[in-house]
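What follows is a short report on a single structure.
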Amino acid sequence: FAAFRSTFVVASEPSVISSPLVHEQPGLISRDLRSISHNAAGAGFLRIKNVGGEWSAWRPYERTSAWRVRPGVGVLVQYHAEGSSSYIVGDCLHVGGRRCYVSWHQEMFLRADWNNWGQDSKGTLSLVDHFTWAVNVSLSAYNRAKFAPFAGWSKAYGIHPDRELLYGLPSFDPRNEAFHPEPYMSGTEASRQWMLERDLWTEHESLSSGAEFASEIWMSHLCTTAPPRCQPRKSDAWQCHSFHGSQDMEWCRNVGTDGCTEYAVNDWSAAMSDCDDCGCCKRAIQPDLSGQQATCCVLFNDLLLNYTVTPDLSRCAPRPVRRADGGHYDQFWRPETVTPAPRACRQSVGSAEESYSSYLQVTEDAGRLDATRTWSRTRLAGAEESFRAEGHEYFPSPKNWHSEVTYSILVDRFANGDITNDQAALPEFQQEQMKEGQTWSLHQWRHGGDLQGVKGRLTYLHDLGVTVVALSPIFLDSKREYHAACTTDLVHIDAGFGSASLLRELVADAHVLGIRVVLDVEVNHACGKNLRYEPQVGAEVVDQVTSCVDAYEDAYWNTSRWELLGEEHRRTLGWGDSLPDYFRHQSFFTRCGPRQMYRPGRKDFATRRRVVGNKKFEAGQMWTDYFSPEYFEFNTLDPIFQEVYTNLVKYWIAYADIDGLRVSAGAHTSADFSAYLSTQTRHYAASLGKDNFFVIGEVHHEDSPFGGLHLGRVDGDMAVAALPARLDETLDELCPLFSDLRLPWAGYLSSYPVEEASHMRDVAVGFASPPQFFTREAWVAAMERTRATVSQQADIRSMWTAVESSGLPRLLSRAEGSHGGSVADDTWRLVVALAWSFTWYGIPELYYGIEMGFSGLCYKSAAERKRLNASLVEGGASPEAAKSLLDACDYADLGGSMDQGFWRQDMFVGGPMRLGSAVPEVQALAGFSTALMGANGPHWCEDPILNRRNEIYRTIQALIRIRRSCSALRSDQDEAAREVMRQATEGDNQQIAYWKLDPQAEAPAPMAVLVVLTFSAVPDSNASKYTMPSGAPYREGQAFTDLLNHKRMGVVVRDPDGDNLFLLVPAALARAHVAIFVPSNRIKMDVG
């Protein structure tokens, strides 16, 4: 700890809590991160909390407690012995058993004079031991300071000020009137002096307080906790002095300075005017607090609240974390086998109808709501009947989705198969610009891509090898945005994309090729022409929005599923012109207002930390108009809305035979809605023969305080001790349905490994060195948290793993030097990143155009920009419009603020925005047009933009075949492989290597596969030696072959100095950016 430990007795017998030598307890958390094992004899009660969360209720002492632990987040347990005091212990565990520091707070800051109380620098402390925070500070004077556990001042630790304690004798004692002891002092400084006098502390230790009246602590260039002998006072004015004891005027003339006070006889001057008529005056000395600069180590223990200021800087270095008994895992990830008990169904399906009837009796819109619900049910039944009546059969789901490969398409930019609908849904600004031949906003135009274009390229996708096509939103969007991200009407396909019948034909053609189709649904908001809030009367907007969000937060966590929400704080919507009647219910929308007006705790919502368990941040995500003031948030707590919306989605399963859903903004709805949508669609699809209908939710776990509540088992989220009341009751209602499914889970089946993909992108473009992927502490912790959440909650092997997506700039546009160098032409960067996505856990997801090396760059040099500008002007654009467009596409100047439209270039030769590519033949076609296609384009076989001879395309084809044949590459078990021969050379920083493991692999599939990714333009050909995975059944002399180049081979060798085995890859072999080594005796000839 910071300097000392406090021990005290809370039980009459020797026990953990009566001899608390330490407050961190290895082994408290079980390896599966789902239970707490107690060892506190003498305790009668206990309670538990995750650091940053809330305490559970007190419960009787038990040997084991079921508890959801989040990897890398400490758990605290408070034990209580009857008739005595309580005691706290803690533990922290990463996935795989590695222990981490446990603390009371999630972060700690030092606010002081030297950093302008946090204005000049945050003064962030780092955890260096259990409960112990540290920072090195350079001081040249006495400084006042406080320790603050949050970015603001909602809590701070200082010291107790001095206070006299006079303990007189009781009144019945005759001596009480004559008893005048010297006053005893209480407070931090008095306690410090008491401990110093008894040699229990040194001058470097002290004790803090979290009381509201606590004053600032002192620390100085002397590296002690002692305050200055004379502390500065606010005023140095002369004050009247009252004599006591033997003091008199003679004493006043001669004493001069006594302690920290100066005395003098009143000379009646203006300077002594505040001394009034007193003969003797006094004033405080203003001390010189400065000195020679020194660096001090400052330590703070946030459990015992002691602190240390010492010149011994080694004290601020991190201490080794004590291991739990039984050692720990050395590999990066190997999941425990966890089989939590299934949820016991406590409610029948029929009880929901009873609740519905009661709900209608208390709502003002009962008749219309009932009519809307009945209409959605009737429409759904009709879709199924018509599908079967026309002789169609529903396409079955795969046994599992682990072998699939997904290709995600932005429909407007992928292929224009029907130019007759290009003008059907253009936004007004585009119509005006096209009339004038101007290109001010070309990147935000609709470019003509449609479902017919997708349908015409299904055989192209089949040639590539993909098995799942995921379409961007295609439903009617009254804003007419090219991405259609704000749905107005789920009943109709956007006319610019096609029709319902065309979607059905597309899905049927895909099924003939063995390709499944997944639709993207934006579930959290709607848009409508002239949809707006009515003028507001009364409360300030900020107060209204915050009060509204707070009311929703309370209802979500604490009220019944069918309890009607009050209208107080909620605004009224004017429906406008385009929102369909079935959405025109005030109860279907939150009506709180824009997120910019949400001020939780009177603080800007944008500054709220996105930490686990932050209910205020979650509330802002779910109940405000989050993405835009024109995107109006659905009230997903409303049970009638949940059914109507879900029936609208089910319709497309019945009518078009789709195979799955990608739920965008999944964490921006309440988790009860996520469970309802996922369970109901999957159960309905199963009734049609699709018994493994796929539903994946867009949940970014590091940005979603309770992301796990949206996934799979739902009740295993590691951020809460108790589920939101609305979610808990919804699970009871859904239990009979999801219990019958192949995967008996309520929530989304999986999500996205956003953290891993982000870190891999950073490595691929040169923003981080390859070894950091496995060693950078913050990265590893974030990746482990995501993996643990998904592996315990859902199907981690069905996560969609992508290095490019619609929400990210093209990978090569981020590459260092891409604005004027050749880095954007580096196909190897895409090849290596893609190889990672195909060999990591989850389902590989290809974002359209990645196989053609799309870079998203308009130009890479001033010369290219000049040529583009001339071309635009020659095509009819004004010089001003051309310049504006090219300025908006300047990655060098704009970076992350670039409009996302430029991330989404056209993939058809007649498209108006054909941007850069690392493939020379595709790059040669780059350019802008001032108009849409004037004639239908060529068949995909003849479209020059689809160059199937390029390295990226052919590598993807190979990776798809390899992954399909090798179960280890589809496994969620992997172990970092350390290269041991070149640690002192530059080559050590070029590679990421890991073993993929599948202990249940059936012959001839191998149990272990080594993946080596080399991040260098020219990989070296030096010899390499990699550590073997734990427990691998390979002996010395076993040969391995690279599946991508059979001439590259390795052999298992034994360390001459020990018993360790390594895989040796000899020198002078063919250079490779990607190598996949498997045992040579497990290889079969590829005849695909």
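142 is the number that the UniProt record's numbering gives to position 142 of the sequence shown; each next residue is one higher, with no gaps.
All C-beta atoms in this analysis are idealised placements derived from N, C-alpha and C, irrespective of residue type, glycine included.
Keep in mind it's a predicted model, so treat the numbers as computed, not measured.
Mark residue i as exposed unless 16 or more other C-beta atoms lie within 10 angstroms of its C-beta, in which case mark it buried.
| i | result |
| --- | --- |
| D1086 | exposed |
| P639 | buried |
| K234 | exposed |
| K1084 | exposed |
| R713 | buried |
| C784 | Looking at the sequence provided, one finds Glu at residue 784 rather than Cys. Looking at its Cβ environment, which holds 16 or more other Cβ atoms inside 10 Å, E784 is buried. |
| G807 | exposed |
| S818 | At S818 the pLDDT is 38, less than 50, meaning the model places this residue with poor confidence; the figure from the coordinates comes in the next sentence. The residue is buried, with at least 16 neighbouring Cβ atoms inside 10 Å. |
| T124 | exposed |
| L200 | exposed |
| W58 | exposed |
| D998 | buried |
| H939 | exposed |
| G689 | exposed |
| V1078 | buried |
| R1071 | exposed |
| G911 | buried |
| residue 1171 | With the chain represented from 1 up to 1088, any question about residue 1171 goes unanswered, as that position is not in the structure. |
| E568 | exposed |
| F641 | buried |
| C889 | buried |
Which partner residues of residue i appear in the DSSP bridge assignment?
| i | result |
| --- | --- |
| Q544 | DSSP lists no partner for Q544. |
| P60 | F45 |
| M1049 | T1041 |
| I409 | L471 |
| T1027 | F1062 |
| K996 | D974, V1009 |
| L127 | W133 |
| F109 | T124, A148 |
| R163 | S186 |
Note down the Cα distance separating residue i from residue j, rounded to an integer number of angstroms.
| i | j | result |
| --- | --- | --- |
| Q293 | D276 | 43 Å |
| R334 | R787 | Annotation note: pLDDT 39 at R334 (below 50); position unreliable, no value reported. |
| H241 | R192 | 30 Å |
| M898 | T1014 | 30 Å |
| E618 | I1076 | 42 Å |
| E633 | A802 | 28 Å |
| C966 | A1008 | 10 Å |
| H511 | Y651 | 19 Å |
| S769 | A976 | 15 Å |
| Y847 | T827 | 16 Å |
| V309 | G707 | 40 Å |
| L749 | G697 | 8 Å |
| I48 | G27 | 15 Å |
| G566 | R584 | 18 Å |
| R446 | P427 | 8 Å |
| W836 | F497 | 33 Å |
Worksheet item: Taking three-plus beta-carbon pairs below 8 Å as touching, is the segment 206 to 216 in contact with the segment 242 to 252?
Response: Too few Cβ pairs lie closer than 8 Å, so no.
Discussion item. With a threshold of 8 Å, are at least 3 pairs of Cβ atoms found where one atom belongs to the segment 223 to 243 and the other to the segment 286 to 302?
Written reply: Three or more Cβ pairs closer than 8 Å define a contact, and the segment 223 to 243 meets that threshold against the segment 286 to 302.
Fill in: Within the segment 193 to 225, ranges of the beta strand (DSSP E) (whole runs, at least 3 residues)
205 to 207, 217 to 219
Worksheet item: Pairing CB atoms from the segment 912 to 923 with CB atoms from the segment 856 to 863, are three or more of them under 8 Å?
Response: yes
Worksheet item: Fully enclosed by the segment 689 to 727, which beta strand (DSSP E) runs are 3 residues long or longer?
Response: 694 to 697
Item to complete: Note down, one range per segment and in chain order, each alpha helix (DSSP H) of at least 4 residues found wholly within the segment 907 to 986.
Response: The segment 907 to 986 contains these whole alpha helix (DSSP H) runs: 920 to 923, 951 to 965.
Worksheet item: Considering only residues of the segment 724 to 758, which uninterrupted beta strand (DSSP E) runs meet the minimum length of 3 residues and lie entirely inside it, listed in chain order?
Response: none
Worksheet entry | Whole runs of the beta strand (DSSP E) within the segment 227 to 299, excluding any shorter than 3 residues | 261 to 265, 280 to 284
Worksheet item: Quick check: the segment 954 to 963 against the segment 748 to 759, are there 3 or more CB pairs under 8 Å?
Response: no
Item to complete: Please list the segments of the alpha helix (DSSP H) lying wholly inside the segment 850 to 886, counting only runs of 4 or more residues, in order along the chain.
Response: 862 to 874
Practice prompt. Evaluate the contact criterion for the segment 447 to 454 versus the segment 400 to 416: three or more CB pairs, one atom per stretch, below 8 Å.
Written response: yes
Fill in: Every unbroken beta strand (DSSP E) inside the segment 597 to 673 [3 residues or more]
660 to 664
Item to complete: Mind the definition here: the segment 259 to 275 touches the segment 283 to 290 only if three or more C-beta pairs lie below 8 Å; say whether that holds.
Response: Because the criterion of three Cβ pairs below 8 Å is met, the segment 259 to 275 and the segment 283 to 290 touch.
Worksheet item: Just checking, does the segment 875 to 888 make contact with the segment 431 to 449 on the three C-beta pairs under 8 Å criterion?
Response: With the cut-off at 8 Å, the segment 875 to 888 and the segment 431 to 449 touch.
Worksheet item: Contact between the segment 666 to 678 and the segment 385 to 395: three or more CB pairs below 8 Å?
Response: no
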